[in-house]
Amino acid sequence: MTPAGPRRPLVSGNWKMHHDHIEALHTMRDLGLRMKPEDVAQVDVSVHPPFTDLRTVQTLVEGESIPVALGAQHCNDHDRGAFTGEVSPQMLARLGVRYVIVGHSERRQHFGMSDELVAATLRAVLQHDMTPILCVGETEEERAAGRTETRLSSQLEAALQELDGSHVAGLVVAYEPIWAIGTGRAATAVDAEDACLFVREKVAELSGADAATSMRVQYGGSVNPENAPDLMAEPDVDGLLVGGASLDAAGFVEIIRASRPAAGRRKG
Ligand code: 13P
3 MTPAGPRRPL VSGNWKMHHD HIEALHTMRD LGLRMKPEDV AQVDVSVHPP
53 FTDLRTVQTL VEGESIPVAL GAQHCNDHDR GAFTGEVSPQ MLARLGVRYV
103 IVGHSERRQH FGMSDELVAA TLRAVLQHDM TPILCVGETE EERAAGRTET
153 RLSSQLEAAL QELDGSHVAG LVVAYEPIWA IGTGRAATAV DAEDACLFVR
203 EKVAELSGAD AATSMRVQYG GSVNPENAPD LMAEPDVDGL LVGGASLDAA
253 GFVEIIRASR PAAGRRKG
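Below, the structure is given as structure tokens:
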């Protein structure tokens, strides 16, 4: 649909519930030593550690000028209040968090996060000038029944309906098919492109063509250093949301390098 244009790739590492703050320190040091200025000349990188690691990672990233943005995996949709166990977007913003994953399928599946709560959380994150990474994706059953596009449409409609185009333009949407997460069975580059293109077309319908052209769409699900180059060569794949393979600095840096526009094969 759209040429890659000025969309800057974004490679994000979602650590999920891995790495305590000591392990986080080691992983970030390793990442800092391996990353070269040219790795991030044309690519944005974010890391999303567990909440208990955020302060440690923030201090290290700032103190040692590691060229990655701080990310969170989730947050509440309120700024404060009697919500035991929750973390607010305001708290994240004060820590210098730039990207917040919203509506990851694991939150939707295991913690009952509804489409309505996803929409409210998106708005809360935007209110604090952070960038949401909105996750959408179909189950294995939905895919087998040919209902992938129906599922993506309903998730996008619910999430974006109250946002204006200028907010949507700055958004990141991560297409993460549930059957590909943690299974070692990534989508093929062609299937990832089809779904990411569908997401962009749907966003054009909901929020306008300008927003759809500017917005970045990531693919996530069993990304590794071997499949990253093919995925990133696709015109509507603007980045990768990486789980397991982001836990190890060496592998994550390889994925970042595979995402440089110069490394792409036929983008644009
Ligand atoms: P894996 O890369 O481990 O499949 O996880 C993907 C994911 O859910 C990232 O948010």
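Going by the working numbering, 248 is the number at position 246 of the sequence shown; the sequence numbering is gapless. Ideal placement from N, C-alpha and C gives every residue a C-beta, glycine not left out.
Query: Among the candidates 67, 187, 84, whose CA atom is the shortest distance from the CA of residue 229?; Result: 187
Query: Count the other CB atoms, across all protein chains shown, that sit within 10 Å of the CB of residue 47; report buried if there are 16 or more and exposed otherwise.; Result: buried
Query: Taking only three categories from DSSP, how would you classify residue 65?; Result: helix
Query: Along the chain, where does the beta strand (DSSP E) containing residue 73 start, and where does it finish?; Result: 71–74
Query: Tell me whether residue 99 is buried or exposed, calling it buried when 16 or more other Cβ atoms sit within 10 Å of its Cβ.; Result: buried
Query: Could you spell out where the beta strand (DSSP E) holding residue 134 opens and where it closes?; Result: 133–138
Query: Just curious, the alpha helix (DSSP H) that residue 44 is in, first and last residue?; Result: First-last for residue 44: undefined, no H or E at that position.
Query: Closest to residue 207 by C-alpha separation, out of 166, 223, 247, 234, would be which residue?; Result: 166
Query: Can you look up residue 107 in the DSSP assignment and give me helix, strand or coil?; Result: helix
Query: Can the beta-carbon of residue 195 be found less than 7 angstroms from the beta-carbon of residue 236?; Result: yes
Query: Relative to the alpha-carbon of residue 153, which residue among 177, 171, 239, 164 has its alpha-carbon at the smallest distance?; Result: 177
Query: Does residue 259 pass the burial test, meaning 16 or more other C-beta atoms within 10 Å, or should it be called exposed?; Result: buried
Query: Is the CB-CB distance between residue 223 and residue 182 below 7 angstroms?; Result: yes
Query: Spatial neighbours of residue 4 within its chain, please: CB distance less than 6 angstroms, with the 5 preceding and 5 following residues excluded, ordered by chain position.; Result: Here the model assigns residue 4 a pLDDT of 47, short of 50, so the residue's position is not dependable, and the following value carries that caveat. Closer than 6 angstroms at the Cβ level, and outside the excluded window around residue 4, lie 215.
Query: Pick helix, strand or coil for residue 303, following the three-state DSSP scheme.; Result: Residue 303 cannot be examined here, being either before or after the span of the chain that is shown, 3 to 270.
Query: By a C-beta neighbour count over all protein chains shown, 10 Å radius and 16 as the cutoff for buried, is residue 270 buried or exposed?; Result: Low confidence applies to residue 270: its pLDDT is 49, below 50, so where it sits in the model is not reliable, and the reading given next is rough at best. Answer is exposed; the Cβ neighbour count stays below 16.
Query: According to DSSP, which residues form a beta bridge with residue 176?; Result: 137, 220
Query: The ligand 13P and residue 183: does any heavy atom of the ligand fall closer than 6 angstroms to the residue's C-beta?; Result: yes
Query: By the three-class DSSP mapping on this structure, what secondary structure does residue 23 have?; Result: helix
Query: Can you check which of these residues, 144, 90, 146, is closest to residue 122 by C-alpha distance?; Result: 90
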